[in-house]
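Enquirer: This is the structure I want to talk about, given as structure tokens.
Residue numbers (this note's numbering): 14 to 209.
Written out as structure tokens, the structure is:
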């Protein structure tokens, strides 16, 4: 990939203009473009590839995804952005998202993010978190870490074998009745086994 061949990848201002075109075509949201612009305003030394990644991770969050998988994005560049309005004239085919992403390689993109002042490993204040080839908005990375920590602490916690308490709870949920349907007794047994 040569930034001489793709000028937007060599200059932050040119990349922001390209992202504005993408937003105008409906391929990304205005919010995604605005994030890249805000990062560029705050840190003009941010590499254009990091600005591109910021816009795309924001776009993925808007589509309900937790992260931007850089490797998958490069393998399937057509999934990185929304289809948008394909009927509009595109001035330069190389500025299409699929063409631009098709000219990137994973090593170059991840290195640009590692060298960027706006991406880190989650220990600093950077707004983007790079974990191997997965890029997160910091907030979503923190949420994922919280869920992982809570699940792990529950898995590591010693099991409580308070039989009397369990029996009392199950008896309250499934009172003994000789007319009780057979399935309800199995439900009570299933709950008892699951509690252990």
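Glycine included, each C-beta is placed from N, C-alpha and C at the ideal position.
Since we're looking at a predicted model, the values are computed, not measured.
Helix, strand or coil, according to DSSP, for residue 109 in the structure here?
Expert: What you label residue 109 is simply residue 96 of the chain shown in a count that begins at 1. In the structure shown, residue 109 sits in coil (DSSP, three-state: anything other than H, G, I, E or B).
Enquirer: What residue does the alpha helix (DSSP H) around residue 29 start on, and which one ends it?
Expert: Locating residue 29 in the chain shown gives position 16, where the first residue counts as 1. 25-37 is the span of the alpha helix (DSSP H), which, as asked, contains residue 29.
Enquirer: Give the range of the beta strand (DSSP E) segment to which residue 94 is assigned.
Expert: By one-based count along the chain shown, residue 94 stands at place 81. Here residue 94 belongs to no beta strand (DSSP E), and DSSP marks it neither H nor E.
Enquirer: Short check: CB of residue 65 to CB of residue 148, under 8 angstroms?
Expert: As a position in the chain shown, residue 65 is number 52, starting the count at 1. As a position in the chain shown, residue 148 is number 135, starting the count at 1. Not a contact, by the Cβ cut-off of 8 angstroms.
Enquirer: Tell me which same chain residues have a C-beta within less than 8 angstroms of the C-beta of residue 164, skipping the five on either side of it?
Expert: Your numbering for residue 164 matches position 151 in the chain shown. Counting only Cβ-Cβ distances below 8 angstroms, and skipping sequence neighbours, we find nothing.
Enquirer: Quick one, which of 127, 159, 178 and 189 has its alpha-carbon nearest residue 59's?
Expert: Numbered from its first residue, the chain shown carries residue 59 at position 46. Comparing Cα positions, the closest option is 127.
Enquirer: Assuming contact is defined by CB atoms lying nearer than 8 angstroms, are residue 32 and residue 63 in contact in what I supplied?
Expert: Locating residue 32 in the chain shown gives position 19, where the first residue counts as 1. Locating residue 63 in the chain shown gives position 50, where the first residue counts as 1. No, the pair does not count as a contact, with Cβ atoms beyond the cut-off.
Enquirer: Can you find the residues in the same chain that come closer than 7 angstroms, C-beta to C-beta, to residue 42, ignoring five residues on each side of it along the sequence?
Expert: As a position in the chain shown, residue 42 is number 29, starting the count at 1. Same-chain partners within the cutoff: 36, 72 and 75.
Enquirer: Starting from the Cα of residue 185, find the closest Cα among 169, 156 and 205 and give me that residue.
Expert: By one-based count along the chain shown, residue 185 stands at place 172. Looking at the Cα atoms, 205 is the closest of the given residues.
Enquirer: I need the boundaries of the beta strand (DSSP E) containing residue 142, first residue and last residue.
Expert: Residue 142 sits at position 129 when you count from the first residue of the chain shown. Looking at the DSSP string, the run of the beta strand (DSSP E) that includes residue 142 is 141-144.
Enquirer: Indicate the three-state DSSP secondary structure (helix, strand or coil) for residue 125 in the structure shown.
Expert: On the chain shown, position 112 is the one that residue 125 refers to. Looking at residue 125 - three-state DSSP - the assignment turns out to be helix.
Enquirer: Taking only the alpha-carbon atoms, compute the straight-line gap between residue 131 and residue 152 and give it to the nearest angstrom.
Expert: Residue 131 sits at position 118 when you count from the first residue of the chain shown. Residue 152 sits at position 139 when you count from the first residue of the chain shown. Roughly 14 angstroms between the two C-alpha positions.
Enquirer: Just mark residue 44 as buried or exposed, buried being the case when its beta carbon has 16 or more other beta carbons within 10 Å.
Expert: Against the chain shown, residue 44 aligns to sequence position 31. Under this definition residue 44 is an exposed residue.
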